Amino acid sequence: MCGIVGYIGPRKAYPIIIEGLKRLEYRGYDSAGIALFDGKDLKVSKTKGKVADLEAQVEKEITTSGNVGIGHTRWATHGVPNDVNSHPHVSNSGNLVIIHNGIIENYESLKLELISRGYTFKSDTDTEVLVNLIEEIQKQDNLKLGKAVQVALNQVIGAYAIAVFDKNKPEEIVVARLGSPLAIGIGDNDDEFFIASDASPFLEYTKNAVYLEDEEMAIIRFHKGIKIRKIKDDSVVETFVQELQINLEQIEKGGFDHFMLKEIHEQPKAITDTYRGRLLRNEAIIKMAGVEDNMKKFLNANRIIIVACGTSWHAGLVAEYIFEDLARIPVEVEYASEFRYRNPVINEDDVVIAISQSGETADTLAAIKLARSKGAFVFGVCNVVGSSIARESDAGAYTHAGPEIGVASTKAFTTQITVLTLIALRLARAKGTISSSDFRTHLLELELIPKKVEKALESDDNIKAISKIYKDAKNFLYLGRGYNFPVALEGALKLKEISYIHAEGYPAAEMKHGPIALIDENMPIAVIATKKGHYEKVVSNIQEIKSRKGKIIGIVTEGDTQVRGLADHVIEVPETLESLSPLLTTIPLQLLSYHIAVMLDKNVDQPRNLAKSVTVE
Ligand code: AGP
């Protein structure tokens with residue numbers, strides 16, 4: 257939610273910041289703004305809309321010279337998306353300028369206090385309160401900027417990643433984080449510094465980065481380096497520089513029209529990368545350090561509780577089937593946002609698995625903090641290396657999907673399922689709940705999945721033709737049973753979020769308890785009816801739909817004839833084990849939502865009102 261970028265060094269700051277904002281637009285795109293120190297004065301330009309709108313406006317409004325600057329792309333929380341509420345925000349004196357990702361929860365009381373001291377506010381934002389609070393503290397006690405930021409943050413309740421500078425001392429930027437990510441790129445000669453919500457804005461300039469931890473702040477000085485301190489007690493923190501493993505290619509579209517399409521097509525490689533080095537078929541073993549090191553915890557667990565949001569929650573639902581089926585461990589799957597607020601019964605015999613692509617989702621992060629405070633062992637399944645959830649977990653396994661930029665999750669989902677399948681198989685082997693021949697069959701089949709995903713992707717033209725027929729539908733239903741019930745939910749979520757068509761996912765058998773009332777000749781219904789897993793039952797459900805004239809899009813196993821005879825359209829996927837089928841059946845549903853959204857001329861990668869990483873609760 258919101259992307260922040262900053263630069264201080266010998267180069268011109270503007271192009272670095274504007275290009276950086278474009279890369280961070282996945283975090284929010286309600287408005288954008290930039291503040292530059294042009295050598296003489298502070299120049300600010302901001303606007304409702306996207307970074308491209310800002311770019312069009314900037315050169316008409318301000319000079320773009322200067323070697324120091326900060327920029328922001330916003331996902332609105334406090335205050336509607338308009339020019340005034342856009343960041344950066346400037347303090348009353350005009351000296352301090354700030355960008356902020358997060359929420360200051362006690363901003364109203366702080367604002368009243370500042371108003372009583374004569375401050376005025378232009379915007380409805382919590383951020384404008386923070387910059388004036390810093391100014392007031394600086395003024396009252398004649399403090400340096402870093403110290404004033406520190407005192408102010410100790411009065412603040414909420415979450416933040418901020419960057420602030422003083423136009424009278426533009427050789428210094430102060431940054432801080434609590435609950436929202438903040439990376440600092442360090443130039444080769446230690447004479448330039450990049451600030452960003454993730455490393456993507458500075459990948460072409462440096463591979464060296466420092467990730468601030470929660471409750472840390474850094475003072476970044478041109479030519480003098482960075483100094484990191486704890487916000488609470490001012491203690492000095494040793495600077496730990498990491499070498500970045502991602503490259504520029506991974507965050508570009510690579511010839512595809514949209515990131516989402518690129519990421520759909522990356523799935524064969526992403527799934528391979530997920531099991532590479534972990535699935536050792538010749539030796540018939542699965543090796544995962546995070547599981548091995550904590551085997552006792554898993555084997556003695558009363559139950560596994562999975563916490564996640566959105567698509568990651570759907571992956572958790574698939575995992576529930578896998579863990580219970582293969583490893584015979586009871587599993588509960590919880591929306592992190594519900595779990596954290598309902599006083600859950602949880603203790604040290606529980607294993608909590610948190611699933612999150614970004615590793616920054618606020619509710620999931622809060623859920624694991626709660627679980628840990630009650631003594632549970634927390635295992636994180638994240639994609640973004642070094643993310644907050646990965647760091648807050650006791651142990652974990654990365655999905656290794658590579659950067660996912662499209663707001664609609666695709667490869668994150670299939671790689672999460674892959675990791676969770678590996679864990680379930682490893683535990684099943686350790687518990688003896690799977691025979692060695694079944695175990696080998698699973699390993700073999702899992703290794704074949706990338707090729708089979710490639711095959712599933714070949715249905716693209718067929719899916720495009722089907723999309724054309726149903727693109728103007730007002731509603732869609734998605735049905736599946738067993739392992740494919742969560743895939744139905746995921747298919748519906750994909751369509752909703754990028755095409756804005758109302759869609760619902762249901763367990764196929766549940767249809768007759770309500771949703772069947774919606775079915776008429778205008779209702780398209782995607783039914784997952786693969787050969788393994790309640791096939792005959794699903795065929796009966798299809799009959800029920802047909803007799804009510806619903807339009808059936810069957811997702812079927814290659815060579816299927818029975819559903820073909822009943823459905824209006826079929827999309828084939830290769831045959832596999834029932835437990836692995838979600839990795840294939842989800843592919844046509846991703847493509848269906850993609851094509852419909854493109855045909856409706858929607859912004860596929862940046863759907864309205866959404867953001868890639870939801871760092872507010
Ligand atoms: C999926 O397409 C969505 N963009 C969203 O539901 C997402 O999965 C959810 O916000 C959780 O994100 P996370 O995996 O980064 O925690």
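Be aware that the sequence shown starts at 257, since it is given in our numbering, and climbs by one per residue. Even glycine gets a Cβ: it sits at the ideal position worked out from N, Cα and C. What you are looking at is a predicted structure, and each value in this text was computed from that prediction instead of being measured.
| Check | Outcome |
| --- | --- |
| Looking only at its chain, what residues have a beta carbon closer than 8 Å to the beta carbon of residue 344, apart from the 5 residues adjacent to it on each side? | 289, 290, 291, 300, 302, 326, 327, 328, 353, 354 and 355 |
| With three or more C-beta pairs closer than 8 Å as the rule, is the stretch 645 to 663 touching the stretch 519 to 532? | yes |
| For residue 859, which option in 752, 795 and 769 has the closest C-alpha, if you only look at C-alpha atoms? | 752 |
| Where does residue 234 land, buried or exposed, given buried means 16+ other C-beta within 10 angstroms? | In the structure as shown, the chain begins at 257 and stops at 873. Residue 234 is therefore absent and cannot be evaluated. |
| Could you check whether residue 259 and residue 281 sit closer than 9 Å to each other, using their CB atoms as the reference points? | yes |
| Work out the CA separation of residue 716 and residue 807 for me, nearest whole Å. | 20 Å |
| Looking at residue 431 and residue 386, is the spacing between their C-beta atoms short of 9 Å? | no |
| Helix, strand or coil for residue 544? Go by DSSP, reduced to three states. | coil |
| If we count Cβ pairs, one from each stretch, closer than 8 Å, do we get three or more for the stretch 722 to 737 versus the stretch 752 to 771? | yes |
| Take the Cβ of residue 599 as the centre, count every other Cβ of all protein chains shown within 10 Å, and call the residue buried at 16 or more, exposed below. | exposed |
| Could you tell me the alpha carbon to alpha carbon distance between residue 832 and residue 321, rounded to whole angstroms? | 59 Å |
| Ends of the beta strand (DSSP E) at residue 791? | Segment 791 to 802 is the alpha helix (DSSP H) holding residue 791; no beta strand (DSSP E) there. |
| Leaving out the 5 sequence neighbours to the left and right, which residues in its chain are closer than 6 Å to residue 612 when beta-carbon positions are compared? | 568, 620, 638 and 645 |
| If you draw a straight line from the alpha carbon of residue 741 to that of residue 672, how long is it in whole angstroms? | 17 Å |
| If I measure Cβ to Cβ from residue 781 and keep anything under 8 Å in the same chain, skipping five residues before and after, which residues do I get? | 732, 733, 734, 735, 775, 801, 806, 807, 808 and 809 |
| How should residue 551 be labelled, buried or exposed, when 16 other C-beta atoms within 10 angstroms of its C-beta is the threshold for buried? | exposed |
| Under 8 Å: does the beta carbon of residue 750 sit that close to some heavy atom of the ligand AGP? | yes |
| For residue 384, which residues from the same chain have a beta carbon less than 6 Å from its beta carbon, with the 5 sequence-adjacent residues on both sides left out? | 345 and 377 |
| Strictly closer than 7 Å from CB to any heavy atom of the ligand AGP: give me those residues in the order they appear in the chain. | 564, 565, 566, 567, 568, 611, 612, 613, 614, 615, 616, 617, 620, 663, 664, 665, 668, 749, 750, 753, 866, 868, 869 and 870 |
| Which runs of the alpha helix (DSSP H) fall wholly inside the stretch 706 to 741 and span at least 4 residues, in chain order? | 716 to 726 |
| Ordered along the chain, which non-local residues of its own chain (more than five positions away) have a Cβ less than 7 Å from that of residue 634? | 608, 610, 624, 627, 628, 649 and 650 |
| Which parts of the stretch 335 to 406 are runs of the beta strand (DSSP E), unbroken and 3 residues or longer, counting only runs that do not cross its ends? | 352 to 360 |
| Have a look at 754, 759 and 743 and flag the residue whose alpha-carbon is nearest the alpha-carbon of residue 786. | 743 |
| What is the DSSP secondary structure of residue 758, counted as helix, strand or coil? | strand |
| Less than 7 Å between C-beta atoms, sequence neighbours within five positions excluded: which residues of the same chain meet that for residue 424? | 351 |
| Where does residue 496 fall in DSSP's three states? | coil |
| How many Å lie between residue 278 and residue 680 at the Cα? | 39 Å |
| I need the DSSP call for residue 586, collapsed to helix, strand or coil. | coil |
| Is residue 361 close to chain D, meaning its C-beta is less than 9 Å from at least one C-beta of that chain? | The displayed structure is made up of one protein chain only, and chain D is not part of it. |
| Leaving out the 5 sequence neighbours to the left and right, which residues in its chain are closer than 7 Å to residue 868 when beta-carbon positions are compared? | 282, 283, 614 and 663 |
| Could you tell me whether the stretch 679 to 693 touches the stretch 576 to 590, where touching means 3 or more Cβ pairs closer than 8 Å? | yes |
| Measuring CA to CA, which of 842, 479, 730 and 543 is closest to residue 574? | 842 |
| Residue ranges of each alpha helix (DSSP H) run of no fewer than 4 residues wholly in the stretch 517 to 579, ordered along the chain? | 523 to 531, 545 to 548, 551 to 555 and 566 to 578 |
| Assuming residue 432 is part of the alpha helix (DSSP H), what are its boundary residues? | No alpha helix (DSSP H) contains residue 432, which is instead part of the beta strand (DSSP E) from 428 to 434. |
| Considering only heavy atoms of the ligand ADP, does any lie closer than 8 Å to the CB of residue 688? | Only the ligand AGP can be found as ligands here, which leaves the ligand ADP out of the picture. |
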